[in-house]
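A.B. asks: The sequence shown begins at 540 in our numbering and counts up by one. Note that the Cβ used here is the ideal one computed from N, Cα and C, for glycine as well. Sharing a structure below in structure tokens format, with a few things to ask.
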Amino acid sequence: MKAMYIDALHGASGDMLISSLVDYGLPVLFLKDIIKKLGVDNFIELKVSQSSRQGITGTHLDVIIDSPESHTYKWQDFVRIVQESNLSDYVKRVTTDIFKLIGQAESEVHNTDIDRVEFHELGTLDTLFDVVGFVSSIEELGISEIYCSPLPRGSGKINTAHGILPVPPPATLKIIEIMDAPSFSPHNLGVVTGEMITPTGTAILSTLASFDSPVMVISGSGCGLGTRDPESHPNITRIHIGSIESANSNIPFNSELMLLETNIDDTSSEVLGYVLERLMDMGAKDVWHTPIQMKKNRPATLLSVLIEKDSFDDISSFMFKETSTLGIRVKDIYRLEADRKIEEFKSSLGNVNIKIKLIAGSFVDAYPEYEDCRDIAIQKSTPLIEVYKTIQSEIRDKFSNNI
């Protein structure tokens, strides 16, 4: 399984993320082809250069916008451009989620309806290129899992269309809040850092990445350079690409799963129980609730739904209709699966179905089905735990030579 770890401890922006992929070996011609597919090749020019930040060498991708007129795009405009292109369904789906996330953050910051929010600095074609270019590149490189370090919030102030704002700017901070992305303040640097992560970079990473550090076999790396060269830190984003190997290579990956998650803090337990039952009835592979703590010390529930990809539309629509959520996080999941088969087993207490676990065709273990054990416990007025112990012991006796 090809995976990528993003070291964003020194910062991340859309262009720095793409620069790191170019430094790794992504052809610039591929990015130019993406621009053509978006129909904006007359307005975007790419200039690649090799340089360094505080002695660390890497690649800087300069996205030059040459538009004949001043035009600010809304997030819906970006979605329309992508949807009207011949890019893949995966790119269309993920980029739409990212643009909508930025729109949601801006709308909450400015207390404006999401359909009327203005992007200002983010409403230019380089934002469109950053998001679509990165997502398309991930697909092109065949990267199936993305991991990321915690995000540095930075310090100081920046000049924007809204005036002088603190770092991180409100839109970036709001995305961190919405997506529960782990972040930290780099006070140990001892100086003002300026902006270290942009709203675009934050939206891309919090949508695509798991904030974890996996054990990897690294096959290549890349270093993307930011435009600034501050004294406080090397303005870079580093990536490591490689594989996450299974401890047992005979266990196959199942790549046809997706994980849908959302935080809910204003729905009763009765409704959540109903939602769980309905989701299972609709074909979800698994559904679970996790108690969490949200901002302002509010207790809440993390609703997690594991599904097959072909049920995405129905189940995501149901989650929006039946809960109060305004957003659902979506991740492609690679799951290790052992082979299994169901057989009837004649025990001293009666016949039960057992689930047999196999790896590479070899027996590993077997477990009695709950419903059958429950029926025996009721019929014989025997504690369920005793029924389990008896049948499990007899199963092990029968299959002991196979273990």
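Just to confirm my understanding: we take residue 884, look at its own chain, exclude 5 residues before and 5 after, and list those with CB closer than 6 Å. What are they?
C.D. replies: Listed in chain order, the non-local C-beta contacts of residue 884 below 6 Å within the same chain comprise 891, 893, local neighbours out to five positions each way being set aside.
A.B. asks: Shortest alpha-carbon distance to residue 694 belongs to which of 684, 706, 688?
C.D. replies: 706
A.B. asks: Starting from the Cα of residue 676, find the closest Cα among 690, 703, 638, 634 and give me that residue.
C.D. replies: Minimum Cα distance to residue 676 is reached at 634.
A.B. asks: Starting from residue 889 and walking both ways along the alpha helix (DSSP H), at which residues does that stretch end?
C.D. replies: That residue, residue 889, is in no alpha helix (DSSP H); its beta strand (DSSP E) goes 889 to 898.
A.B. asks: Count the other CB atoms within 10 Å of the CB of residue 562; is the residue buried (16 or more) or exposed (fewer)?
C.D. replies: buried
A.B. asks: Could you tell me which of 592, 654, 781 sits nearest to residue 757, measuring between CA atoms?
C.D. replies: 781
A.B. asks: Excluding the 5 residues preceding and the 5 following residue 773 in the sequence, name in chain order all residues of the same chain whose CB lies nearer than 8 Å to its CB.
C.D. replies: Excluding sequence neighbours, residue 773 sits near 549, 592, 593, 594, 595.
A.B. asks: At a cut of 8 Å, does the stretch 551 to 560 reach the stretch 758 to 769 through at least three beta carbon pairs?
C.D. replies: yes
A.B. asks: DSSP state of residue 704, grouped into three classes?
C.D. replies: Residue 704 sits in a strand when the DSSP states are folded into three classes.
A.B. asks: If we call anything under 8 Å between Cβ atoms a contact, is residue 895 one with residue 879?
C.D. replies: yes
A.B. asks: Where do the N-terminal and C-terminal ends of the beta strand (DSSP E) with residue 938 fall, by residue?
C.D. replies: Segment 923 to 938 is the alpha helix (DSSP H) holding residue 938; no beta strand (DSSP E) there.
A.B. asks: Determine which residues share a DSSP beta bridge with residue 879 and list them.
C.D. replies: 896
A.B. asks: Express the C-alpha separation of residue 888 and residue 926 in angstroms, rounding to a whole number.
C.D. replies: Distance between the alpha carbons of residue 926 and residue 888 is about 8 Å.
A.B. asks: Got a sec? Which residues, its chain only, sit under 8 Å from residue 613 by beta carbon, not counting five neighbours each side?
C.D. replies: Contacts found: 642, 656, 657, 658, 662.
A.B. asks: By how many angstroms is the C-alpha of residue 685 removed from the C-alpha of residue 567?
C.D. replies: 21 Å
A.B. asks: Tell me the residue span of the alpha helix (DSSP H) that contains residue 591.
C.D. replies: Element bounds for residue 591: not the alpha helix (DSSP H) but the beta strand (DSSP E), 583 to 592.
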